[in-house]
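Take the sequence shown: its position 212, counting from 1, is numbered 212 in our numbering, and each next residue is one higher.
C-beta: ideal position from N, C-alpha, C; glycine also.
Here the structure is a predicted model, which is why all the values come from computation and not from measurement.
For reference, the structure is listed below as structure tokens.
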Amino acid sequence: MEMERLEAGHGVLTAVRAGNGRDLVILHSLLADRNAFDPILPALTEKFRVTLFNLPGFDGSEPVIAPVLDAYVARIEDGFQEFGIENDAILLGNGFGGTLALAFALDHPERLGKLIISDAAAGFPDEGKKAFAAMGEKVAQAGLGAVAEIAAKRVYSPGFLGAHPELIAERKDVLMKIDAKAFAHACKILQETDLVPLLHRLDVPTLVICGEHDQATPPALTKVVSQKVPGARYIELPGCGHCPPLEQPQQFLAAIKQFVGL
């Protein structure tokens, strides 16, 4: 599919776009780049103008100066402005992109008509915080190679990975292209962020999706979002891992279509 490449701030933020219609903005996971959404793009671009942001450190988007959540939210808002994203947009975030989508929706609810959160947490327990701290420290000291193997395995459910072991090399290749500083920044943000006390304020129609066998953000964490956001819907995908568009694209697409009324 031919995609238009976009740049905001002379390359500070990059994105790609295709399709026409209502704006749909996608924020990818820390463990996968925007190409993870390729399996569902043809269907989405039939109905929407889809803009896939490259998060800081991915595909030319510059890392933020400081590892703070507000800097990422500001970068996303810059993209909305410079890429001409209209109000009443649909925002879809997976993993870290889902956490950023929640933060953006809390700060800029007027921008959004609907919010879709996939396999993302609003905050992690102490065990998760320690894991992010350790991962960020390893990457800061030794680069992405120090965590690429284990991180790649966390993208998929164990059953799916067992049937497709060749995908590990593909995921590792994606991870090795990420800016190490940006990856460490993201780990620090995930370690420190707790949006749970704020979720009751979120006034955007919200769908929360999670893979049953997500090893990176288990359903128990994702369910917190659906329980705290007023009126949010929750859908769990049986047998799926952390990145539904890669592992169960048709089921993921069906959930999205039902939510947006297609």
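Across the structure, D179 and V73 are spaced so that their CA atoms are roughly 19 Å apart. H185 is a Cβ neighbour of V64, given a cutoff of 8 Å. Counting only runs that start and end inside the region 137-166, the alpha helix (DSSP H) elements of at least 4 residues fall at 148-153 and 158-163. Between L237 and P245 a beta carbon distance of about 11 Å is seen, past the 8 Å cut, so the two are scored as non-contacting. For A36, the CB contacts under 8 Å within the same chain, skipping 5 residues up- and downstream, are H28, S29, N94, C243, P245 and L246 in chain order. A contact is defined here as three or more CB-CB pairs under 8 Å, and the region 95-106 meets this definition with respect to the region 195-215.
Only buried fits N54, as 16 or more other CB atoms lie within 10 angstroms of its CB. The Cβ-Cβ distance between D59 and D88 does not fall below 8 Å. Its Cα nearest to that of M3, the residue P42 stands out among P42, G9 and Y156. Taking all protein chains in view, the Cβ of A169 is surrounded by fewer than 16 other Cβ atoms within 10 Å, so the residue is classified as exposed. In its chain, beyond the 5 residues on either side, V64 have a beta carbon closer than 6 Å to the beta carbon of A71. In the three-state reduction of the DSSP assignment, D88 falls in the coil class. If you ignore the 5 residues before and after A232, its C-beta comes within less than 6 Å of the C-beta of T206, V208 and S226, all in its own chain and listed in chain order. Comparing alpha carbon positions, the residue from I85, L253 and K47 closest to A8 is I85. For the pair D119 and T45, the CB atoms are not nearer than the 8 Å cut-off. Residues of the same chain with a CB within less than 7 Å of the CB of V260, apart from the 5 flanking positions on each side, are I90 and K114 in chain order. Rounded to the nearest whole angstrom, the CA to CA distance from R5 to A101 is 21 Å. In the DSSP assignment, V16 forms a beta bridge with R5 and L52. Contact between A182 and G57 is confirmed by a C-beta separation of about 2 Å, below the 8 Å threshold. Taken in chain order, the whole beta strand (DSSP E) runs of length 3 or more contained in the region 173-224 are 206-211. D59 carries a coil assignment under DSSP once its states are collapsed to helix, strand and coil. For the 8 Å CB-CB criterion, G79 and F48 do not form a contact. The three-state reading of DSSP puts D107 in helix, counting H, G and I together.
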